[in-house]
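Going by UniProt numbering, 822 is the number at position 822 of the sequence shown; the sequence numbering is gapless.
Quick reminder that beta carbons are idealized off the backbone N, C-alpha and C, glycines included.
Just so it is clear, the structure is predicted and the values come from calculations on it, not from any experiment.
Following: one structure in C-alpha cells, then a few remarks.
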Amino acid sequence: MTFWYLGIPALGSESCLECPGGSYCTAETITPYDCGLGFYSEPGQYECLVCRAGYYCDNVTTSEDDMLNNKKCTPGKYCADGLSDLGQATDCTIGKYCPEATPEELLCPVGTKRETVGAPAVTDCAPCDAGYYCVEGSSDETGPCDKGYYCPTNFTNPYGASPATIGSYGAQQEPCPAGTYMDEFAAPELASCKICPTGYYCPQASVDPTDCPQGSYCPAQSGVPTPCPAGRYGNRTHLEQMTDCNMCDPGYYCDTQGLLLPRAQCDPGYLCYIGAITSGPTDGVTGELCPAGGYCVAGDCDDDDDDDGGCEEGNDDGDDIDFDDDDDDIVFAAAAAADDDDDDDDDDDDDDDDDDYGDDDDDDDSCVVSSAYYDGDGSHDDNDDDEEEEDKEEEEDEEEWEEVEDNVSGAVNNYDCIECDAGYYCSSIAGGEPTGLCWGGYYCTGGAANPRQNIVDPGHYSPNGSASQIECLRGTYQPFPAQPSCLECEPGYVCPDKAMTDHNPCEAGRYCGNGTTVMSDCPPGTYSNQTHLTTESECTICPRGYYCRDRGATEPTGMCNAGHICYEGALDDDPVYNDDPSGNNTVVTYGDTCHEGYYCPQGTSFMIPCPIGTYNPSRSGKSESTACLSCDAGKYCNGTALTAPTGDCDAGYYCTGGAYLPNPYDNQTTGDICPLYHYCPAGAQSPSLCTLGYFSNTTGRSDCELCIARYICYVGEAPRICPQGYYCPASTTIIPLETPTPCPIGTYGATDSLSDSTECQTCDAGYYCDSTGQTNVTGPISGGFWSMRGSTVPTPGDTNNADRGICPKGYYCEEGSTTPVPCPQGTYGYVERHCCQFCHVYDRAV
Numbered sequence: 001m002t003f004w005y006l007g008i009p010a011l012g013s014e015s016c017l018e019c020p021g022g023s024y025c026t027a028e029t030i031t032p033y034d035c036g037l038g039f040y041s042e043p044g045q046y047e048c049l050v051c052r053a054g055y056y057c058d059n060v061t062t063s064e065d066d067m068l069n070n071k072k073c074t075p076g077k078y079c080a081d082g083l084s085d086l087g088q089a090t091d092c093t094i095g096k097y098c099p100e101a102t103p104e105e106l107l108c109p110v111g112t113k114r115e116t117v118g119a120p121a122v123t124d125c126a127p128c129d130a131g132y133y134c135v136e137g138s139s140d141e142t143g144p145c146d147k148g149y150y151c152p153t154n155f156t157n158p159y160g161a162s163p164a165t166i167g168s169y170g171a172q173q174e175p176c177p178a179g180t181y182m183d184e185f186a187a188p189e190l191a192s193c194k195i196c197p198t199g200y201y202c203p204q205a206s207v208d209p210t211d212c213p214q215g216s217y218c219p220a221q222s223g224v225p226t227p228c229p230a231g232r233y234g235n236r237t238h239l240e241q242m243t244d245c246n247m248c249d250p251g252y253y254c255d256t257q258g259l260l261l262p263r264a265q266c267d268p269g270y271l272c273y274i275g276a277i278t279s280g281p282t283d284g285v286t287g288e289l290c291p292a293g294g295y296c297v298a299g300d301c302d303d304d305d306d307d308d309g310g311c312e313e314g315n316d317d318g319d320d321i322d323f324d325d326d327d328d329d330i331v332f333a334a335a336a337a338a339d340d341d342d343d344d345d346d347d348d349d350d351d352d353d354d355d356d357y358g359d360d361d362d363d364d365d366s367c368v369v370s371s372a373y374y375d376g377d378g379s380h381d382d383n384d385d386d387e388e389e390e391d392k393e394e395e396e397d398e399e400e401w402e403e404v405e406d407n408v409s410g411a412v413n414n415y416d417c418i419e420c421d422a423g424y425y426c427s428s429i430a431g432g433e434p435t436g437l438c439w440g441g442y443y444c445t446g447g448a449a450n451p452r453q454n455i456v457d458p459g460h461y462s463p464n465g466s467a468s469q470i471e472c473l474r475g476t477y478q479p480f481p482a483q484p485s486c487l488e489c490e491p492g493y494v495c496p497d498k499a500m501t502d503h504n505p506c507e508a509g510r511y512c513g514n515g516t517t518v519m520s521d522c523p524p525g526t527y528s529n530q531t532h533l534t535t536e537s538e539c540t541i542c543p544r545g546y547y548c549r550d551r552g553a554t555e556p557t558g559m560c561n562a563g564h565i566c567y568e569g570a571l572d573d574d575p576v577y578n579d580d581p582s583g584n585n586t587v588v589t590y591g592d593t594c595h596e597g598y599y600c601p602q603g604t605s606f607m608i609p610c611p612i613g614t615y616n617p618s619r620s621g622k623s624e625s626t627a628c629l630s631c632d633a634g635k636y637c638n639g640t641a642l643t644a645p646t647g648d649c650d651a652g653y654y655c656t657g658g659a660y661l662p663n664p665y666d667n668q669t670t671g672d673i674c675p676l677y678h679y680c681p682a683g684a685q686s687p688s689l690c691t692l693g694y695f696s697n698t699t700g701r702s703d704c705e706l707c708i709a710r711y712i713c714y715v716g717e718a719p720r721i722c723p724q725g726y727y728c729p730a731s732t733t734i735i736p737l738e739t740p741t742p743c744p745i746g747t748y749g750a751t752d753s754l755s756d757s758t759e760c761q762t763c764d765a766g767y768y769c770d771s772t773g774q775t776n777v778t779g780p781i782s783g784g785f786w787s788m789r790g791s792t793v794p795t796p797g798d799t800n801n802a803d804r805g806i807c808p809k810g811y812y813c814e815e816g817s818t819t820p821v822p823c824p825q826g827t828y829g830y831v832e833r834h835c836c837q838f839c840h841v842y843d844r845a846v
C-alpha cells in the first residue's frame, strides 16, 4: 500500500510512496498508521501482523527486518507471539530448553532432564542419573530401572551429536548379562548385577536366580544349566558341580546327558558296574560281558549265579555297604553276593553254630535264602542234611519267592524267612537284618528286595525309610516322580491344594510370595494386569487421571470425574485434597478438585490451564467451554491459568471479549484499534463516537479533541470546513460548537472557513442583505434610497444613519445608490425619495 502528503497535490499513482515497515496504509492514506506495540509489518502492507513467537516488538513501528535482526528473544527465555516487551518473556520451563529466538520451547531429549527453568541450550539438559531413566521432556527422573536391568549414565548419545552424552531412556535400558541377576530396582551400572550363586542359573535380565533343575548342575555365574554328562544323573535340584551328579548305579546305565534317573537296567548277558553309559558295556571299567562259567540277568552287576538282578553300589570284594541317608543324597549300596562255591561245604559244617550268618566269613553251609529274606541270627539247623538239601532244591525250583524276612534264629529253609519290614529293603542273601532304609523318593510297603520298590508319584514325596508316599502340603508342589521332598511354591506362583504336581501362576491383580497358598490382592490404589507378581511393590500404582477403588483389580476402576484431578494411587473418582487429620477427617493426598484457572475433563492426567484470552475464578472446572470464561469486555487476559483478567484494555483500543492482548489489532474478533472519529478510554468495551463539537481524525485515540476554529465537527465525520455564509469559532469544553453560526443580517459570507462574525463581509454599498447566513448580497438598494454599507433592507429609512437612508430633498437616488446624488442644475427635488424636477421659467432655483 501507499500514501501521500497532505497539502501537496499528487500528479499520479506513481507519486504515492510505499508504506514503510512498521506501519500500515489503507486506501487514501495521508499519514501511515503505526502498527502499535506487539505488531510488525513488512514495507507496503495494508495491515500489521502479530509479533512472531521467539521475538518481541517493543516499538509502535517495528518492521519485519528490525524484528528478525534486533528483537530476538534471548536464550533461556520464551517469547509468545504478540510480545510487546522483552520483560514479558517467560523463563523456559523445566524439562525444556530455549535457544535464541526459538518459536517454541524444545523438549530435552531422551536420557536427559532439566530440573530448573531457563535452559538456553540442549547442552543444559543434564544426563539422567545412573539407576534411573528419563523420557523426552523430563524435569526429573521418570522412574527407576527395572529389576533385572541396569541403567547407566554419561554414555555416548546414539541419536545425535548434541548433547554428546546422555543417560538411560528406558526402564529396561541394559539387561544384566546371563550368569548375573538383579533383584533390586535402580541398578546404576553393569557391576551392580550380582553373580549368580552355585546351584542356580541366571538367564539374561534375571530378577532372581533360578533353581538349577534336576538332571543338571550349575557352577557360580551360570547363564544356563549344564546337563549332567552321560554316565551320571541328577535326581536333585541345586547341584553345584559335575561331581554332584550321581554316578550311574551298578546294574543300570545312563546313556545321555541331563538324566534325572538311570535310563534302565543293563541288558542280560552284561555286567554293569558304576557309571555305565550303554546297556551293554564292554570297556571293563563301567561293565563287561558276562564271564564264562556264569550267567547274568538284566541289571546284573556281579558274576555269581544269583538271578535276582539286584545290584547295589559297592566295593570290589563284595562287602556290604550301607546307604548314606545324609542330606537326601541317594547312594546305592552294592548287593552282597553270597559265595555259592560248594566245594568247601563239608569242611565248614561244624562251624555253623558259632558264626553269625551275616558275617563276611560265613561259608555256604549257612542258611542260604533269597534276596528280600533274612534270618534274625544268621543260623539254621543242620542236623538233617537231607532236609537242608531239600530246602536248597526248593530254592532252585522257586521262580518268584515272596519277599519276606525271618528274624528268628534257626531257620531251616526259605519258608522260615519273613517278609522285609515296611520302609526297609533286604537285598542280601542270608541276611539277618534288613539291608537298609528304602530310598528317598521311593517307598517300601514290605518285602522289598531293593530300595526302589515303589516309585513316588508326582505331587508326593517320601524321605528315606518311607512305607508310603506322602502328599505335598499346601504351598508346595512336585512335578517329578521319585522325589524325597516337595518344592516350595516359588514367588509369583500359588499352590492352594495338597498333592499338586505343578504350581499355578499368580493371577493378575494379585501377588504371591514364597510358599503361597492363598494369593494376596493388590491393595486399593493399585492394580495389575500382569500375572506372576511376587510382592505388593510390583502392583502397578493407579495412573494419573484414573482411580483404583477395589482390591485385586486387574485394571483401574475408571476415570476420574470431570472437575477433579486424580494423582497416582487415587482411591476415589472425586477426591478433595485434605492433609489435616484433625476431627477424624480423612486425609486425601491422591487428588483434588480442579483449581482456579484450570479445568479438568474426565480422566485428565493433569489440570489443564485455561487458554490465553480466558480465566476461571472458580474450582471444579469440568471443561474449557464451561469453566474458562471469555475475558470480560474491556479487559484482556494475557496468560494461561488466570483466575482473573490481567487488566484493562489499553487506551486507544477496545476489547469486545476474549482479548489476550491489551491492544488487539487488525480487526480481531476480540477487539481492535479505536477507529476514526471515535475514542476509546482504557477499558473500553466498544469504540465511542466523538460528540458534536469534537473530532478524532486518527485511529487509536483515547479521547476526542475540541473542534478548531473555521471547522464544524459532526458525529461520525471528519471535521468539515465551516460553510460559506457562516462562521465557526473554536469549540470550548463549556460551549462545544454543535452547528455553524450564520453571518448576521446585513452581512454575508463571501468565503468559507470563517471563524468569527467579524469575518463576515458587510453588505456591499448599494446593496442590502436582508437575512442571516447569506453567501452574497440580496439585491440592490431601491431607487430613492442609498446605502454605503450594511443595509438589511432595500429601503433603508433610517435618516439618522450615516451609512444609509432615504434620498434627501435636492438629491436623487437611483437603484443601487451608494450615496445621494445632487439634483443637477436646472432641476430640484422638493420631496424626499423623489426624482429631481425641472425648474419652470418663472422659478428660480434655490
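Sort Thr476, Gly447, Cys704, Pro451 by Cα distance to Pro458 and report the nearest one.
Start at 1 with the first residue of the sequence shown, and residue 458 comes out as number 458. Checking every option, the nearest Cα to that of Pro458 belongs to Thr476.
For the alpha helix (DSSP H) holding Thr626, just list the boundary residues, first then last.
Translated into positions along the sequence shown, residue 626 becomes position 626. Looking at the DSSP string, the run of the alpha helix (DSSP H) that includes Thr626 is 624–627.
Can you tell me the Cα-Cα spacing of Asp764 and Arg804, whole angstroms?
Position 764 of the sequence shown, counting from 1, holds the residue named residue 764. Position 804 of the sequence shown, counting from 1, holds the residue named residue 804. Their backbone Cα atoms lie some 11 Å apart in a straight line.
Starting from Glu28, trace the alpha helix (DSSP H) both ways and give me its first and last residue.
Residue numbering aside, residue 28 sits at position 28 when the sequence shown is read from its first letter. Glu28 -> no alpha helix (DSSP H), and no H or E assigned at all.
Considering Asp68, what are the terminal residues of the alpha helix (DSSP H) in which it resides?
Residue mapping note: residue 68 aligns to position 68 of the sequence shown, counting from 1. Here residue 68 turns out to be Leu, not Asp, going by the sequence shown. Counting along the chain, the alpha helix (DSSP H) containing Leu68 begins and ends at 64–70.
Exposed or buried, what is Ile277 when buried is set at 16 or more other beta-carbons lying within 10 Å of its beta-carbon?
The count along the sequence shown starts at 1 and reaches residue 277 at position 277. Ile277 comes out buried.
Using only alpha-carbon positions, find the residue among Ser427, Cys151, Ser625, Tyr598 that is nearest to Cys193.
For the purposes of this step, residue 193 is taken as the residue at position 193 of the sequence shown. Residue Cys151 is the option with its Cα nearest to Cys193.
DSSP three-state call for Leu271: helix, strand or coil?
On the sequence shown, position 271 is the one that residue 271 refers to. Reduced to three states, the DSSP call for Leu271 is strand.
Do we get a CB-CB distance below 8 Å when we pair Tyr273 with the residues of chain D?
Within the model displayed, chain D is absent; a lone protein chain is all it includes.
Rounded to the nearest angstrom, how far is the Cβ of Leu533 from that of Arg549, given a contact under 8 Å?
Counting from 1 along the sequence shown, the entry for residue 533 is found at position 533. Counting from 1 along the sequence shown, the entry for residue 549 is found at position 549. That belief does not hold up - the Cβ atoms of Leu533 and Arg549 are roughly 19 Å apart, past 8 Å.
What are the boundary residues of the beta strand (DSSP E) that includes Ile673?
The residue labelled residue 673 in the question sits at position 673 within the sequence shown. Where Ile673 is concerned, the enclosing beta strand (DSSP E) stretches over 671–673.
Taking the alpha-carbon positions, what's the Asn638 to Thr656 distance?
Locating residue 638 in the sequence shown gives position 638, counting from the first residue. Locating residue 656 in the sequence shown gives position 656, counting from the first residue. Approximately 15 Å, taken between the alpha carbons.
Check the C-beta distance from Cys228 over to Gly258 and give it rounded, since I have them as a contact under 8 Å.
Counted from its first residue, the sequence shown places residue 228 at position 228. Counted from its first residue, the sequence shown places residue 258 at position 258. Right, their Cβ atoms sit about 6 Å apart.
Could you pull out every residue in the same chain whose Cβ sits closer than 7 Å to the Cβ of Asn529, ignoring the five residues on either side in sequence?
For this step, residue 529 is matched to residue 529 along the sequence shown. Closer than 7 Å at Cβ, skipping near neighbours: Ala508, Thr554, Glu555.
Per-residue DSSP class, three states only, for residue 872
The shown model of the chain, from 1 to 846, leaves out residue 872, and the question about it has no answer.
Helix, strand or coil at Leu190 [DSSP, three-state]:
Indexing the sequence shown from 1 puts residue 190 at position 190. Helix, per DSSP.
Contiguous beta strand (DSSP E) assignments of at least 3 residues, all confined to the stretch 756–814
785–787, 804–806
Here's a check: name, in chain order, each residue in its chain whose Cβ is nearer than 7 Å to the Cβ of Lys498, leaving out the five neighbours to either side.
In the sequence shown, the residue the question calls residue 498 occupies position 498. The residues are Glu471, Cys472, Leu473, Arg474.
Touch check for the stretch 729–748 and the stretch 781–788: three-plus C-beta pairs under 8 Å?
no
Would a C-beta distance cut-off of 8 Å place Pro43 and Pro75 closer than the cut-off?
As a first step, residue 43 must be located in the sequence shown, where it is residue number 43. As a first step, residue 75 must be located in the sequence shown, where it is residue number 75. The answer is no: Cβ separation not under 8 Å.
Excluding sequence positions up to five away, which residues of its chain have a Cβ less than 6 Å from the Cβ of Arg710?
Indexing the sequence shown from 1 puts residue 710 at position 710. Only Cys722, Cys728, Ser753, Ser755 meet the Cβ criterion.
Judging by CA-CA distance, which residue of Tyr726, Gly766, Ser817 is the nearest neighbour of Cys760?
Walking along the sequence shown from the start, residue 760 turns up at place 760. If we check each option's Cα against that of Cys760, Tyr726 comes out closest.
Could you give the distance in angstroms between the alpha-carbon of Pro601 and the alpha-carbon of Pro617?
On the sequence shown, position 601 is the one that residue 601 refers to. On the sequence shown, position 617 is the one that residue 617 refers to. Distance between the alpha carbons of Pro601 and Pro617 is about 17 Å.
C-alpha gap between Asp421 and Glu488, whole angstroms:
On the sequence shown, residue 421 is found 421 positions in, with the first residue counted as 1. On the sequence shown, residue 488 is found 488 positions in, with the first residue counted as 1. The alpha-carbon atoms of Asp421 and Glu488 are separated by roughly 31 Å.
Taking the beta strand (DSSP E) that Ala654 falls in, what are its first and last residues?
One-based indexing of the sequence shown puts residue 654 at position 654. A quick correction: the sequence has Tyr, not Ala, at residue 654. It spans 653–655 - the beta strand (DSSP E) in which Tyr654 sits, taken as one unbroken run.
Three-state secondary structure assigned by DSSP to Gln483
As a working mapping, residue 483 is identified with position 483 in the sequence shown. Looking at Gln483 - three-state DSSP - the assignment turns out to be coil, as it is neither helix nor strand.
Beta-carbon proximity list for Leu261, same chain, < 8 Å, skipping 5 on both sides
Here the question's residue 261 lines up with position 261 in the sequence shown. Once the five neighbours on either side are set aside, the close Cβ partners of Leu261 are Tyr233, Asn235, Ala482.
How about Cys542 and Gly569: are their beta carbons less than 8 Å apart?
Taking the sequence shown and counting its residues from 1, one reaches residue 542 at position 542. Taking the sequence shown and counting its residues from 1, one reaches residue 569 at position 569. Closer than 8 Å, so yes.
If you draw a straight line from the alpha carbon of Asn454 to that of Gly423, how long is it in whole angstroms?
Translated into positions along the sequence shown, residue 454 becomes position 454. Translated into positions along the sequence shown, residue 423 becomes position 423. So the alpha carbons of these two residues sit roughly 11 Å apart.
In whole angstroms, give me the CA-to-CA distance for Asp648 and Leu106.
The sequence position of residue 648 within the sequence shown is 648, counting from 1. The sequence position of residue 106 within the sequence shown is 106, counting from 1. Distance between the alpha carbons of Asp648 and Leu106: 33 Å.
Coarse secondary structure for Val122, derived from DSSP in three states:
In the sequence shown, counting from the first residue as 1, residue 122 sits at position 122. Helix, per DSSP.
Burial state of Gly716 (16 or more Cβ within 10 Å)
For the purposes of this step, residue 716 is identified with residue 716 of the sequence shown, where counting begins at 1. Gly716 comes out exposed.
Rounded to a whole number of angstroms, what is the C-alpha to C-alpha distance between Cys92 and Asp124?
Counting from one through the sequence shown, the residue named residue 92 turns up at place 92. Counting from one through the sequence shown, the residue named residue 124 turns up at place 124. Going by the C-alpha atoms only, they are around 12 Å apart.
Could you give the DSSP three-state label for Leu239: helix, strand or coil?
On the sequence shown, residue 239 is found 239 positions in, with the first residue counted as 1. Of the three classes helix, strand and coil, the one that applies to Leu239 here is coil, per DSSP.
So what's Leu86 in DSSP terms, helix, strand or just coil?
The residue given as residue 86 occupies position 86 in the sequence shown. Note: Leu86 maps to helix in three-state DSSP.
DSSP three-state label for Glu105, please.
The count along the sequence shown starts at 1 and reaches residue 105 at position 105. Here Glu105 sits in coil by DSSP.
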